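Enquirer:
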Amino acid sequence: MWEFKCLSLSPSPSPTLNFPHFPSIQTRLCNGRPRRLPCLSVKCRAATPTQSTPMSDDRMLVFVPPHPLIKHWVSVLRNEDTPCPIFKNAMSELGRLLMYEASRDWLPTLAGEIQTPMAVAKVEFVDPREPVAVVP
Numbered sequence: 001m002w003e004f005k006c007l008s009l010s011p012s013p014s015p016t017l018n019f020p021h022f023p024s025i026q027t028r029l030c031n032g033r034p035r036r037l038p039c040l041s042v043k044c045r046a047a048t049p050t051q052s053t054p055m056s057d058d059r060m061l062v063f064v065p066p067h068p069l070i071k072h073w074v075s076v077l078r079n080e081d082t083p084c085p086i087f088k089n090a091m092s093e094l095g096r097l098l099m100y101e102a103s104r105d106w107l108p109t110l111a112g113e114i115q116t117p118m119a120v121a122k123v124e125f126v127d128p129r130e131p132v133a134v135v136p
């Protein structure tokens, strides 16, 4: 038994998923006239039902932060039709965003004051006494 999982963003499915950074235009008829619309649909894939696949207890829990840019870049990475240069760019952007999210709560800061062109301002700097190590 097969089930089909589709995500269609347009009324009639198209064979590819297109993004604003590599647009694709297709022609459709609207009231007898050709009308140019951006293609906004994705492929459908056949998959076996989830009941027949046992879930193992040693699976890694994946948490995707609820940020629109992170969701966008994860979607670009998951798409099998993403070209190699776009995939590499998506990896770098996702790395930057995840580093930002990961360091939000635990990065130590120091309070201080600086002289701005207008007046003295209270600011926070990352504490230079606490080393930050990034291990890929």
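Sequential numbering from 1 applies to the sequence shown in full-length UniProt numbering. We treat Cβ as the ideally placed atom computed from N, Cα and C, and that holds for glycine. Note that this is a predicted model, so its numbers are computed, not measured.
Which whole-angstrom value describes the C-beta separation of Leu97 and Ile70, a residue pair presumed to lie in contact below a C-beta threshold of 8 Å?
Expert: Reading the sequence shown from its first residue, position 97 is the one you call residue 97. Reading the sequence shown from its first residue, position 70 is the one you call residue 70. The pair is a contact, with the Cβ atoms about 5 Å apart (cut-off 8 Å).
Enquirer: Give me the Cα-Cα distance between Met89 and Met118, rounded to the nearest whole angstrom.
Expert: Residue numbering aside, residue 89 sits at position 89 when the sequence shown is read from its first letter. Residue numbering aside, residue 118 sits at position 118 when the sequence shown is read from its first letter. Before going on, a small fix: residue 89 reads as Asn here, not Met. Taking the straight line from one Cα to the other gives about 39 Å.
Enquirer: Excluding the five sequence neighbours on either side, which residues of its own chain have a C-beta within less than 6 Å of the C-beta of Val76, listed in chain order?
Expert: As a first step, residue 76 must be located in the sequence shown, where it is residue number 76. Only Thr82, Ala90 meet the Cβ criterion.
Enquirer: Less than 8 Å between the CB atoms is what I'm expecting for Glu130 and Ala111, so what's the real figure, rounded?
Expert: Reading the sequence shown from its first residue, position 130 is the one you call residue 130. Reading the sequence shown from its first residue, position 111 is the one you call residue 111. No, Glu130 and Ala111 are not in contact; Cβ-Cβ is about 15 Å, not under 8 Å.
Enquirer: Run through DSSP, which three-state label would Ala121 get?
Expert: Looking up residue 121 in the sequence shown gives position 121. Strand.
Enquirer: Among residues of its own chain, excluding the 5 on either side of Gly32, which ones have a beta-carbon nearer than 8 Å to its beta-carbon?
Expert: Taking the sequence shown and counting its residues from 1, one reaches residue 32 at position 32. The pLDDT assigned to Gly32 is 46, lower than 50, so where the model puts this residue is not dependable, and the model offers no usable value.
Enquirer: Leaving out the 5 sequence neighbours to the left and right, which residues in its chain are closer than 8 Å to His67 when beta-carbon positions are compared?
Expert: Along the sequence shown, read from residue 1 onward, the residue named residue 67 stands at position 67. Only Leu97, Glu101 meet the Cβ criterion.
Enquirer: Nearest-angstrom Cα distance between Arg104 and Val126?
Expert: Translated into the one-based positions of the sequence shown, residue 104 becomes position 104. Translated into the one-based positions of the sequence shown, residue 126 becomes position 126. Their Cα atoms are separated by approximately 11 Å.
Enquirer: Give the C-beta separation of Leu107 and Trp73 to the nearest angstrom, bearing in mind that I take them to be a contact with Cβ-Cβ under 8 Å.
Expert: Position 107 of the sequence shown, counted from the start, is the residue given in the question as residue 107. Position 73 of the sequence shown, counted from the start, is the residue given in the question as residue 73. Wrong, their Cβ atoms sit about 22 Å apart, outside the cutoff.
Enquirer: For Val64, collect the residues of the same chain with a Cβ closer than 8 Å to its Cβ; drop the 5 residues on either side in sequence, then sort them by chain order.
Expert: Counting from 1 along the sequence shown, the entry for residue 64 is found at position 64. The residues are Ile70, Lys71, Val74.
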